[in-house]
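Below is one structure, written out as structure tokens; the observations come after it.
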Amino acid sequence: MATQAAKKPARKTRGFIKIREEECKGCGCCIEDCPQKVLEFSPNLNRMGYHPCVYKGDGCIACGICFYACPEPGAITVYQLEEGD
Ligand code: SF4
Ligand code: SF4
251 MATQAAKKPA RKTRGFIKIR EEECKGCGCC IEDCPQKVLE FSPNLNRMGY HPCVYKGDGC
311 IACGICFYAC PEPGAITVYQ LEEGD
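Under my numbering, read the sequence shown as residues 251 to 335, first letter to last.
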């Protein structure tokens, strides 16, 4: 019997985030909690010797979960895209 692969819903980008890499302690909480899995560790080290988190550049839905997961105040800022952006 032939089976069909379920079609994945299109991933709509509704926002983006900015990470102040020098504030990041590389704990990975935001990476773990992001429902879209659009965050990852940078291969580079910051001034404190941590691999900071970086946005992959696509797929953020501006849910804010990474902001609340981050223990470092000011490390993450979440932006919501306007309709038509
Ligand atoms: S706002 Fe939500 S979707 Fe965007 S990077 Fe943060 S946790 Fe992921
Ligand atoms: S939760 Fe904050 S400190 Fe931890 S990796 Fe993400 S940005 Fe860095």
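For each residue, glycine too, the CB sits at the ideal point set by N, CA and C.
For this session: Quick one: using the 10 Å Cβ neighbour count with 16 as the cut-off for buried, is PRO302 buried or exposed?
Result: buried
Exercise. For ligand 1, any of its heavy atoms closer than 7 Å to the Cβ of PRO321?
Worked result: no
Exercise. How would you write the range of the alpha helix (DSSP H) that GLU282 sits in, first residue to last?
Worked result: 279 to 283
Exercise. If you measure from the CB of ILE267, is any heavy atom of ligand 1 nearer than 7 Å?
Worked result: yes
For this session: Output the distance between the C-alpha atoms of GLU271 and GLU282, rounded to the nearest integer angstrom.
Result: 17 Å
For this session: Tell me whether LYS275 counts as near ligand 2, meaning its Cβ is closer than 7 Å to at least one heavy atom of that ligand.
Result: yes
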